[in-house]
Structure formats: C-alpha cells, structure tokens
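Its first residue numbered 461, the sequence shown is counted upward by one per residue in my numbering. Note that the Cβ used here is the ideal one computed from N, Cα and C, for glycine as well.
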Amino acid sequence: AQALEAQLVAALERAFPEAAASAREAGTPLDPQLAPASKPEFGDFQANGALPLARPLKQPPRAIATAIVEQLKADPAFADLCGEPQIAGPGFINLTLRPERLAAEVAGRLGDPRLGVPSSEGPGGGAPAPVVVDFSSPNIAKEMHVGHLRSTIIGDALARVLEFRGHPVLRLNHVGDWGTQFGMLITHLKQVAPEALTTADAVDLGDLVAFYRQAKARFDADETFQATSREEVVKLQGGDPVSLKAWGLLCEQSRREFQKIYDRLDIRLNERGESFYNPYLEGVVADLEAAGLLVTDAGARCVFLEGVSGKDGQALPVIVQKRDGGFNYATTDLAAIRYRFAPPPEGDGARRVIYVTDAGQASHFAGVFQVARRAGWLPQGARLEHVPFGLVQGDDGKKLKTRAGDTVRLRDLLDEAVERAEADLRRRLEEEGRQEDEAFIAQVATTVGLAAVKYADLSQNRITNYQFSFDRMLALQGNTAPYLLYAVVRIAGIARKGGDLEGSVEASSLQFSEPQEWALVRELLKFDAVVAEVEEELLPNRLCSYLFELSQVFNRFYDQVPVLKAQPEARPGRLALCRLTADTLRLGLGLLGIPTLERM
Ligand code: ARG
C-alpha cells in the first residue's frame, strides 16, 4: 500500500534525524531503508537504516535502533499507523501496520476505479510530458515474425501501464518502410504488375512475403535487374511519382496485413515509419558536425563512441552517412530521437522515450543513445531507454519453426492457440456435463487462446529467451492466463450464487480475523506499488507474478474460509475481499492487454 507506505516513510524521516542528530551534523545521509518484511512474522515492513549509522555515530546499531523507536513511539501520526515497533537481530526495526488501518485502506479501494493507484502529474503540477513507446515496428514487405510479436505484446502492456498512470503516451510503430530493399521491390512490381501503377484503386498484390522472395531471387541472379534496382532507389529518393506510387502500394498492402494482427490482439499503434524522418536526416548530420562529433573515416561520416571498443581495441563508430552519401538505420534513429525530444511544434516534446526490440539491437541503441546525448538533444531529466527481450524458442530450445522447418506465421500461431483453447474447453465441458452454445464456446476460446499467448510472453523476465509451448501456456494450473482468468470466473460465480459484490461498503463493517483474510488484505494492498514498479523498471513480468501470487492467496482463502456461509459479522468483509480481488485481477490483466471473462 503506497499511501500507507508513504506515511510510514514520512514518520521514519521524522524519527531518524532526531535519533541521529550527530550523524546528520556530520553530513551522513539518513535513509530509513524501508523494505517489505522478509517474513510475515516480522510484520509488514522493516527499516534497516540504523545499521549503517553505527560507524559514523560510534554506537552499537541496537542502541541507535532503540533511539529511533523511542522517537517513533512519541509521534502520534506513527502510533496511528503502526503498533509498537520491534527491534530484531543487530538493529532491524520491524513494523506492523494496525489492522484497522489496513481495513480502512481496503474500504477506500472498494469502488475506487483506480484501486489506489495515483495518477501522475507533470512537472510542477502541469500537464505531463508525453512518453514515447516505440514498439512492434515490423518491416514492410517482410514477414512480421515472433520477435515483432514479442515487441508488440510487451510494448502494448508498457504503454497501457504508462497511460493508466496518467502519461500521454505516443505509441509509435517505427516500421521499416525505407531503404535500399525498395529498389528491387519496386523494380519487380513494375515488371510483374504494371497495371497496379496506373489504377487509382487499392490493388491486391497477393502474398507480399512471397513477392519479396521472388524479388530477392531475381536481384541475386540477374545483373541487369540489380542495376535497375539501384537506379530505382535513386528515383525513389528523388521523389519520382511512379516510384513513390509503387512504394505506397507496397506499404499499403503490408499495412493491411499488420493491421489484422493488431486488431486481433487489440493493439493501438500510430504508424510513423522510417520514411517520416527523411526530411530530418540532413539536419542530424549538420548538428553533429556543429557539435564537432563527426569524423570522416574511409569516406564515411561517423561518430566514434566513447568507452566502446571493438575486438581490435579500436573505438567503434556509429556510421551516420555512408560513402555514397546514403543514410542508414542509425541515422534514422538519430533523427527520431532528436524529433521526439524536440519541443513542439518541431517535435514531440517527450520526456521519456522507450524502445522495445530484441536484445540483438542493444549495441545499436547504446550507440545512438550516446551520440544523441553528446549532441545535446536530450532535455534535462529526459530518459532514453532500450527495453530488450530475448529470443522466442521452440520446445526444443532452438529458434521457433514449423514442423516443416519454416518460420511460423503469426496468423497461424494465433489460430492454433485459439483452436487448442477450444479443444480444451470442449473437453472440460464434456467432463463437467455442461451444455453451452457455440457463441459462448467461440468467445471463451478466443479470449483464452489469445490471453495465453500474451500472458506467456509477458510473464517471462523479458531479458531471457523464452520457450514457446502451447501446452504450458494453456494449462489451467501454474502461472498462466487460464489460471488467472479462472480466479476471476470463480469470484463472478460468488455473485451468481447470491453474494453481493457491488454497492457501497462501510469500513466499520469489515471485520477480519482469520490469517487467510489478513494475508489476502496485505496482498491486495500491494497493487499500487507493483504498478509503480512496472512504470519505473518496465518489467511487465513483475505485474504477472503479483497477479499470480494474488490468485494463489485468494484461492487459499476461498478454499479454507467460508464466504457465502460465513457468520453475518464476517460476511461483508469476506465478500469485500472477493470483490477487491476480482477488481484487482481485472484491472491488472487489463493493463497487460488481457480481457477477462465472467464464465469459462
Ligand atoms: N524494424 C526494426 C526491426 O524489425 C525494429 C525497429 C525498432 N525501432 C527503432 N526505432 N529502431 O528489427
């Protein structure tokens, strides 16, 4: 509970300087070091800050802890919050929140749509500055592969958390829609579908991935084709209308395919591809030149990185302009950083820019981030972060492939998840002797199948590689989407059986006595701190672990403590806990981009 925790920190900050006046005079930083208790029997929190004071104060840490506790006990605001603090071990201070404060906190969250999560304000209370999340970002005319799926799912979850915290989020799809590959694609298009370039209507170019392969095969085999393709790049860059039309057609076709995936997964994105930054590339070079960062090396213009060297011990360059005058992926990313931080109307005026890509691009981002900093493009306090993730592997630990050895198409992967969820559901209905109509089956299978794919990805620590397994992600037990969805369904069932899970609740009617109830209360009150942590560290798996833990604590409570058949004085409190658990799971899963079900 952050609200309670903040009050606790304030009380400790009052107590420490009093207790350690001489340390403060000596300039020793005073940090209460408040942390969640390592075991439930130690209470809710422990403050470890007395220990590092022992040396500067030349006193035993227990004596310092005792002095702090005396200060705390004399503070009425603290006494309101906690019972008597206990000193443990060499000088840890164990703190236990008062039960009535915990119950009041639960009551406060019932019916609060934000469940205690504060909405952030901008600097000085003004409008908050935008946060850019650059995610998904597939390449035109190429396959959107599982790596892009990971970026899409993780980026969307981070964007949702940031949005919920009140930041205006720019969800940017930095699609690869520019570059020399368009030379061969346009050349091929002009030859195989010339009619496409003269009609005003949208045309269907068929399977673009196959189209890309054909173009590539011709490019590799045919020198004349190669020469034409190179000329085509120049024409496109020079703004030739027919080339631009062909380019537009290719982009449009890819866009339609990508959109199908986004629609299925309920992902909102604004396309702002590499081509958007074309007009700003010259400015990047000019800025770097003016900052004295550019060096010409073998005809290419580059910036040599500080503190990064290659195998030969030489400093590594970021190439900004190639020998032939062309720009590259890094130049575009530099232009993008400059644009995103620049104040409007010339730019986005962002304070934080986040990139979600595979870990293989870590050194690319480290390089361009360093150049951007040295160029002075980052405003004070700005954050520029790469959010890397590992590879998606098959059950065998190798790169995910179909049985025939081909790359897995995302559409097929999502279809299979839904089909398997449907088969599981039909089996379960059969076992339970339940009759459900086809619309119900289709809806549950789709929700569960897609939730399983998303959750499996999000629940991993994103940095590690992740083994894709339909069996594991669809299991009803374990840290899976079906397990969490089922907890929500269980609670919805309580309402169907006559438990009142709505309406206003008086704090005084919440009476908790069982340890399972207190365990659930304490778990529920962690939600806001977890959301704040995800906002800070950009690790959605923290939220997943929390929701899993919450479901387990809830299930233990619900299996061991009567709710509908509870004594009249215990019933409102227990129903309130059920309700707050469901609300927390719904909101938490919603922040991960996962909708819940009332029945499944
Ligand atoms: N299109 C790139 C790829 O498929 C990802 C782009 C990531 N975003 C960026 N600003 N570089 O690998």
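Query, Result
"Relative to the alpha-carbon of I553, which residue among Q493, K602, K705, R812 has its alpha-carbon at the smallest distance?", "Q493"
"With DSSP run on the structure shown, which of helix, strand or coil describes H608?", "helix"
"On the CB-based measure, 16 or more other CB atoms within 10 Å of its CB, does P496 come out buried or exposed?", "exposed"
"Could you give the DSSP three-state label for G615: helix, strand or coil?", "helix"
"Sorry if obvious, but does the Cβ on P598 come closer than 7 Å to a heavy atom of the ligand ARG?", "yes"
"Looking only at its own chain, which residues have a Cβ that is under 6 Å from the Cβ of E1029, when we skip the five neighbours before and after it?", "Q971"
"Mapping DSSP to helix, strand and coil, what is R950?", "helix"
"Rounded to whole angstroms, what is the Cα-Cα separation between G626 and G733?", "26 Å"
"Return the residue from the list E995, P536, R932, T684 that minimises the CA-CA distance to F624.", "E995"
"By a C-beta neighbour count over all protein chains shown, 10 Å radius and 16 as the cutoff for buried, is P590 buried or exposed?", "buried"
"Bridge partners for E418 per DSSP, in chain order?", "This structure gives no information on residue 418, because the portion of the chain shown stretches from 461 to 1060."
"Could you give the residue range of the alpha helix (DSSP H) that holds Q546?", "Run containing Q546: none in the alpha helix (DSSP H); it sits in the beta strand (DSSP E), 546 to 548."
"Looking at Q531 and A475, is the spacing between their C-beta atoms short of 8 Å?", "yes"
"If you measure between the beta carbons of Q927 and Q1027, is that distance less than 8 Å?", "no"
"Around the C-beta of K957, are 16 or more other C-beta atoms found within 10 angstroms, so that it is buried, or is it exposed?", "exposed"
"Between the Cα of K858 and those of I814, L709, S929, spot the shortest distance and give me the residue it belongs to.", "S929"
"Whole angstroms is fine: what's the gap from L803's alpha carbon to A746's?", "It should be pointed out that residue 803 corresponds to Pro in this sequence rather than to Leu. Rounded to whole angstroms, P803 to A746 spans 19 Å at the Cα level."
"Does the contact criterion of 3 or more C-beta pairs under 8 Å hold for the stretch 963 to 979 versus the stretch 592 to 608?", "no"
"Is G1053 closer than 8 Å to D726 when the C-beta atoms are compared?", "yes"
"State whether the stretch 986 to 993 contacts the stretch 1011 to 1018, with contact taken as three or more CB pairs (one from each stretch) at a distance under 8 Å.", "no"
"Taking DSSP's pairing of strands, which residues face L1010 in a bridge?", "L1010 is not bridged to any residue."
"Using C-beta distances below 7 Å, list every residue in its chain close to D637, excluding the 5 sequence neighbours before and after it, in chain order.", "I600, C711, G733, E734, S735"
"Which runs of the beta strand (DSSP E) spanning at least 3 residues fall entirely within the stretch 820 to 858, listed in chain order?", "843 to 849"
"Let me know the secondary structure DSSP gives Q920 once reduced to three states.", "coil"
"Whole angstroms are fine: how far does the CA of R1031 sit from the CA of R811?", "48 Å"
"Would you report the Cα separation of M933 and G743, rounded to the nearest angstrom?", "48 Å"
"Taking buried to mean at least 16 other C-beta atoms within 10 Å of its own C-beta, is R888 buried or exposed?", "exposed"
"Any chance the CB of H846 is under 7 Å from a heavy atom of the ligand ARG?", "no"
"Are the stretch 665 to 675 and the stretch 639 to 657 touching by the rule of at least three beta carbon pairs closer than 8 Å?", "yes"
"Could you spell out where the beta strand (DSSP E) holding R761 opens and where it closes?", "760 to 769"
"Mind checking V904: buried by the 16 CB within 10 Å criterion, or exposed?", "buried"
"Beta strand (DSSP E) containing Q506: first to last residue?", "505 to 507"
"Checking 8 Å against the spacing of the C-beta atoms, do A525 and G551 come in under that value?", "yes"
"According to the neighbour-count rule (16 or more other Cβ atoms, all chains shown, within 10 Å of its Cβ), is G827 buried or exposed?", "buried"
"Here's a check: name, in chain order, each residue in its chain whose Cβ is nearer than 8 Å to the Cβ of K676, leaving out the five neighbours to either side.", "M644"
"How about C1038 and L961: do their beta carbons lie closer than 8 Å?", "yes"
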